[in-house]
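For reference, the structure is listed below as structure tokens.
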Amino acid sequence: MAEAPQFNRVREYRKPTKLTQAELSQAVGVSRQSIVSVERGDYAPSVYLALRLAHALDTTVETLFPLNEE
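Residues in the sequence shown are numbered from 1 upward in steps of one, following the UniProt record's numbering.
Have a look at this one:
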């Protein structure tokens, strides 16, 4: 099982849209708690959810979930 990403930009992209976590959760079809977990980095979303988040926030999956290549 893959670990949750250590860093993502979901909150950073959500805030300027003025979407609440609840509104974003409704837009992508998950619970508000799922959005909280993704934003905290506690939960790695499925590819489908990552695509839905990127679409809802008008960006790309790669932008929301950058690879931490070190």
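In this text, a Cβ means the ideal position worked out from N, Cα and C, and glycines have one as well.
Values in this document were obtained by computation on a predicted structure and should not be read as measured data.
What's the gap between the Cα of residue i and the Cα of residue j?
i: SER37; j: GLU12; result: 14 Å
i: ARG32; j: GLN26; result: 8 Å
i: residue 80; j: ALA22; result: In the structure as shown, the chain begins at 1 and stops at 70. Residue 80 is therefore absent and cannot be evaluated.
i: PHE65; j: HIS55; result: 13 Å
i: THR59; j: GLY29; result: 18 Å
i: ALA4; j: ILE35; result: Because ALA4 carries a pLDDT of 47, less than 50, the predicted location of this residue cannot be relied on, and the following value inherits that uncertainty. Roughly 13 Å between the two C-alpha positions.
i: ARG9; j: ASP42; result: 13 Å
With respect to the alpha helix (DSSP H) encompassing residue i, which residues constitute its N-terminal and C-terminal limits?
i: ALA22; result: 21-28
i: ARG52; result: 47-56
i: TYR13; result: 10-14
i: GLU37; result: The amino acid occupying residue 37 in the given sequence is Ser; Glu does not appear at that position. Taken as a continuous stretch (DSSP letters only), the alpha helix (DSSP H) holding SER37 covers 32-40.
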